[in-house]
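Under the numbering used here, the sequence shown has 133 at position 144, and the numbering climbs by one with no breaks.
Just below is one structure, and these are the notes that go with it.
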Amino acid sequence: MIEAEAMEAAVLNASGNLTLQDLPVPKPKAGEVLVRVEACGVCGSDKQVLAGEAAPPGTQLPVVLGHEIAGRIVQFGPSPENVPPGTGGAGNNGDSQDTHRIRDGARSWSLGDEVLVYPFLPCGHCRLCTLGFENLCLSQEVIGYHRNGGYAHFVTVPLSSLVRRPHHLPAAVAAPLVDAFATSFHALWQVSKASQRDRVLILGTGGLGLSAVAVARAIPVQDVAAWTMRQDEESFEHARQTALAAGASFLWQGTPENARAVSREVRRWSEGGVDVVLDTHGTQASMNIGLQLLRPGGRLCVIGMDNSEVTLPSTPAWVRKGIQVLGSYGSKREDVETLVSWVESGRLNAAALPVIELPLSQIHTALAGKVPGRAVIRL
Ligand SMILES: [Zn+2]
Ligand SMILES: [Zn+2]
C-alpha cells in the first residue's frame, strides 16, 4: 500500500540548520497511524526557531519540523492493543494492518480518511491535564518538535491526534485550522469569553491575527476590527485587503507618529473603549496599545510571545479600571473539532486566511517569512 520507501523531509539538525534530506518512510507503531501529508502550514514558531530562538523545551534534534498537518491515513500501526475488545475495529484476526478500519474510543478511522493532525501531545495524567488545562501541560510534546512533523511526505502520529478534516476543504486551507485558527479560537472563545456583546480589536495581521478576525466573526462578536504595525505601504495594503476580506470592519495602521489620532478613531468605533483586545505580538508596544484602548472591565488577551521584558502601567491605570490581563496558550483538541464543525456548517470561513502554496523544495523561502499570507507547504 505504501509504494515509497524513502521520502524527502526538511530536517532541523543539532546546529540549528534546516536541510532537505531523504529519510525512510516511517513505520507506525502500536496506537499510531501513518499519514500521507498533503499540506503543512508554516507556523511563526518555526520561523522563530530558524531565526535562532530556542525551540520548545525538550525538542529532540534532529527533527522533521512542521506541525500544521493535513493529510490522509495510509496505514495503521501493527498492534490491536489500543482497540477495545468487541468494537470490531481491528478486524477479526486482530491484525490491524490487514484491515481498513480502526477504532479509537468513540472515533472510527478508515484507510484513506482525510484528516487533520492536532499537534499537541499532553501527558494526560498531570494535575493540569486532569483539571482540563491540557494545553498548559508542562510535559506536553509537540509533533514537529519532540517527534517528526509534517515537512515531509509521510508522518506517523498517535491515533489520538487525528481530527476529521472538513469535507470539500482543500488540504492547504484546512491545515492552519489545527494551530493558527485553534490558538485564536482558544484565546477568544475559551479564555476571553468573547461574545455578541463585545467589540473586539485584534492587534496584528499575520496568520494569528487574520484567523482571529475570522473566528471573531464566526462567534459572532458584535464587531471586530484590526490594528497593524506594518509600516511600508505595500505590506499595509496587503494587510488591509486581507483583514477586511476576513471580516474586519476596519484596519488601522498604528505608527508612533499617528498613534493618538488612530486611538481616537478606535474609541469612536468602540463607543468609548474596546471590550476585548487580542494581542498577537506580546510586546511592550502592543500591550500598551491594548491597555490604552480597553474600556473599564475590558480584557487584554495576549497570545503572541516575545522574549523581551514587558511591564504593566501603575496599578491605578488598570486595577482601578478592573482590566483583566490574560495569557492564552495553544489549544485543545476539542477546539479544533469545534472549528471543523463550524467550517462544515458554514459558520467559519477558513479561507479568510489566504494561503500561498509552496513545494517542499521552497521551505527556506517559506520560513524566511517573505511570502505574503500564510505559507503552506504542499506535498
Ligand atoms: Zn505553531
Ligand atoms: Zn499533563
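Heads up, the beta-carbon is just placed ideally off N, CA and C, and yes, glycines get one too.
If you're wondering where the values come from, they're calculated on a predicted model, not measured in any experiment.
- Item | Sheet register partners of PRO348 (DSSP bridge) | Locating residue 348 in the sequence shown gives position 359, where the first residue counts as 1. Looking at the DSSP assignment, PRO348 forms a beta bridge with ARG367.
- With 16 other CB atoms within 10 Å as the buried threshold, where does HIS382 fall? The displayed coordinates of the chain run from -10 to 368. Any statement about residue 382 would go beyond what the structure contains.
- First and last residue of the uninterrupted beta strand (DSSP E) at ARG92: Here residue 92 refers to the residue found at position 103 of the sequence shown. Its beta strand (DSSP E) spans residues 90 to 93.
- Task: Could you say which of ALA205, ILE191, ALA(-7) lies nearest to ALA339 if we only look at CA atoms?
- Result: Against the sequence shown, residue 339 aligns to sequence position 350. For ALA339, the closest C-alpha among the options ALA205, ILE191, ALA(-7) is that of ALA205.
- Message: Helix, strand or coil, according to DSSP, for GLN86 in the structure here?
- Response: Indexing the sequence shown from 1 puts residue 86 at position 97. Reliability of the predicted coordinates at GLN86 is poor, the pLDDT of 48 falling under 50, and no value is obtained from them.
- What beta strand (DSSP E) runs, 3 residues minimum, are completely inside the segment 166 to 241? With a minimum length of 3 residues, the continuous beta strand (DSSP E) runs that stay inside the segment 166 to 241 are 188 to 192, 212 to 217.
- Message: Between which residues of its own chain and TYR318 is the CB-CB distance below 7 Å, once the five residues before and five after are set aside?
- Response: By 1-based counting over the sequence shown, the position of residue 318 is 329. Around TYR318, the same chain offers ASN124, LEU125 as residues with beta carbons nearer than 7 Å, after the five sequence neighbours per side are excluded.
- Query: Closest by CA to TRP258, which one among LEU282, PRO302, SER275, GLU246?
  - Reply: As a working mapping, residue 258 is identified with position 269 in the sequence shown. Shortest Cα-Cα distance from TRP258 to any of LEU282, PRO302, SER275, GLU246 involves LEU282.
- Query: Sorted by chain position, which residues of the same chain lie with C-beta nearer than 8 Å to THR8's C-beta, five sequence neighbours on each side aside?
  - Reply: Numbered from 1 along the sequence shown, position 19 holds the residue referred to as residue 8. For THR8, same chain residues with a beta-carbon under 8 Å away, outside a window of 5 residues either side, are ALA(-1), VAL0, ASN2 in chain order.
- Counting only the same chain and skipping the five closest in sequence on each side, list residues whose C-beta sits under 6 Å from that of PRO51. By 1-based counting over the sequence shown, the position of residue 51 is 62. Once the five neighbours on either side are set aside, the close Cβ partners of PRO51 are VAL0, ASN2.
- Message: Residues around ligand 1, please: the condition is that the C-beta lies closer than 6 Å to some non-hydrogen atom of it.
- Response: So the residues near ligand 1 by this Cβ test are CYS32, SER34, HIS56, ASP168.
- Query: Which term fits THR119, buried or exposed, when burial requires 16 or more other beta carbons within 10 angstroms of its beta carbon?
  - Reply: One-based indexing of the sequence shown puts residue 119 at position 130. THR119 should be labelled exposed.
- Give the single residue among GLY286, PRO147, GLY335, PRO245 whose Cα lies nearest to the Cα of ALA19. To locate residue 19, count along the sequence shown from 1; it is residue 30. Minimum Cα-Cα distance from ALA19 among the listed residues GLY286, PRO147, GLY335, PRO245 corresponds to PRO147.
- Let me know the secondary structure DSSP gives MET294 once reduced to three states. What you label residue 294 is simply residue 305 of the sequence shown in a count that begins at 1. In this structure, MET294 counts as coil in the three-state DSSP scheme.
- Task: Sort ASP295, ASN137, VAL31 by Cα distance to PRO13 and report the nearest one.
- Result: Looking up residue 13 in the sequence shown gives position 24. The alpha carbon of PRO13 has as its nearest neighbour, out of ASP295, ASN137, VAL31, the alpha carbon of ASN137.
- Item | Which of helix, strand or coil DSSP assigns to ALA274 | Here residue 274 corresponds to residue number 285 of the sequence shown, with the count starting at 1. Here ALA274 sits in helix by DSSP.
- Item | Spatial distance of ASP221 from LYS359 (CA atoms) | As a working mapping, residue 221 is identified with position 232 in the sequence shown. As a working mapping, residue 359 is identified with position 370 in the sequence shown. When rounded, the distance between both Cα atoms is 14 Å.
- Identify whether ALA(-5) lies in helix, strand or coil by the three-state DSSP scheme. For this step, residue -5 is matched to residue 6 along the sequence shown. ALA(-5) falls in the strand class under three-state DSSP.
- Item | Inter-residue Cα distance where the pair is ALA355 and LYS310 | Residue mapping note: residue 355 aligns to position 366 of the sequence shown, counting from 1. Residue mapping note: residue 310 aligns to position 321 of the sequence shown, counting from 1. Roughly 43 Å separates the two Cα atoms.
- Given VAL251 as reference, the closest of ASP264, ILE278, VAL38 once Cα atoms are compared: The count along the sequence shown starts at 1 and reaches residue 251 at position 262. Measuring from the Cα of VAL251, the nearest candidate turns out to be ILE278.
- Backbone secondary structure at LYS359 - three-state DSSP: Position 370 of the sequence shown holds residue 359. If DSSP states are grouped into helix, strand and coil, LYS359 belongs with coil.
- For ARG336, write down the residues that DSSP places opposite it in a beta bridge. Within the sequence shown, residue 336 is the residue found at index 347, counting from 1. Note: ARG336 sits in no beta bridge, so no partner.
- Task: Check whether the segment 46 to 62 touches the segment 178 to 186, taking contact to mean three or more Cβ pairs, one atom from each stretch, closer than 8 Å.
- Result: In short, these stretches do not touch, since the Cβ pair count stays below three.
- Under 8 Å between the Cβ atoms of LEU151 and VAL255? To locate residue 151, count along the sequence shown from 1; it is residue 162. To locate residue 255, count along the sequence shown from 1; it is residue 266. Result no, Cβ atoms of LEU151 and VAL255 do not sit closer than 8 Å.
- Message: Between CYS118 and ligand 2, is there a pair consisting of the residue's CB and a ligand heavy atom that are separated by less than 7 Å?
- Response: By 1-based counting over the sequence shown, the position of residue 118 is 129. The nearest non-hydrogen atom of ligand 2 is less than 7 Å from the C-beta of CYS118.
- Task: Tell me whether SER320 counts as near ligand 3, meaning its Cβ is closer than 7 Å to at least one heavy atom of that ligand.
- Result: Among the ligands in the structure shown, ligand 3 does not appear; only ligand 1 and ligand 2 can be found there.
- Query: By Cβ distance below 7 Å, which residues in the same chain neighbour THR48 in space, the five residues on each side in sequence not counted?
  - Reply: Mapped onto the sequence shown, residue 48 falls at position 59. Cβ contact annotation for THR48 (same chain, cutoff 7 Å, sequence separation greater than five): TYR134, HIS135, in chain order.
- Straight-line Cα distance separating ALA164 from ARG367: Taking the first residue of the sequence shown as position 1, residue 367 is located at position 378. Taking the first residue of the sequence shown as position 1, residue 164 is located at position 175. ARG367 and ALA164: Cα-Cα distance of roughly 10 Å.
- Closest residue to VAL144 among ARG61, PRO67, ARG219 (Cα-Cα distance): Against the sequence shown, residue 144 aligns to sequence position 155. Of ARG61, PRO67, ARG219, the residue nearest in Cα terms is ARG61.
- Can you tell me whether DSSP reads PRO73 as helix, strand or coil? Within the sequence shown, the letter at position 84 stands for residue 73. Caution is warranted here: a pLDDT of 49 is assigned to PRO73, below 50, making its placement in the model unreliable, and the coordinate value is therefore given only provisionally. In the three-state DSSP reduction, PRO73 falls in the coil class, being neither helix nor strand.
- Item | Closest Cα partner of VAL210 within the set ARG188, GLU42, GLU(-8) | Taking the first residue of the sequence shown as 1, we reach residue 210 at position 221. The candidate whose alpha carbon is nearest that of VAL210 is ARG188.
- Message: If I follow the unbroken alpha helix (DSSP H) through ASP35, where does it start and stop?
- Response: Counting from 1 along the sequence shown, the entry for residue 35 is found at position 46. Taken as a continuous stretch (DSSP letters only), the alpha helix (DSSP H) holding ASP35 covers 33 to 39.
- May I ask which residues mark the beginning and end of the alpha helix (DSSP H) holding THR119? In the sequence shown, residue 119 corresponds to position 130, counting from 1. First-last of the alpha helix (DSSP H) with THR119: 116 to 119.
- Could you give the C-beta distance for ALA207 and ALA232, rounded to a whole number, given that I count them as a contact under 8 Å? Here the question's residue 207 lines up with position 218 in the sequence shown. Here the question's residue 232 lines up with position 243 in the sequence shown. For ALA207 against ALA232, the beta-carbon gap comes to about 15 Å, at or over 8 Å, which does not count as contact.
- Cβ-Cβ separation, LEU328 to LEU166 (assumed contact under 8 Å), whole Å: As a working mapping, residue 166 is identified with position 177 in the sequence shown. As a working mapping, residue 328 is identified with position 339 in the sequence shown. Taking the Cβ atoms as the reference, LEU166 lies roughly 5 Å from LEU328, within the contact range of under 8 Å.
- Item | C-alpha gap between LEU199 and VAL31, whole angstroms | On the sequence shown, position 210 is the one that residue 199 refers to. On the sequence shown, position 42 is the one that residue 31 refers to. The C-alpha of LEU199 lies about 15 Å from the C-alpha of VAL31.
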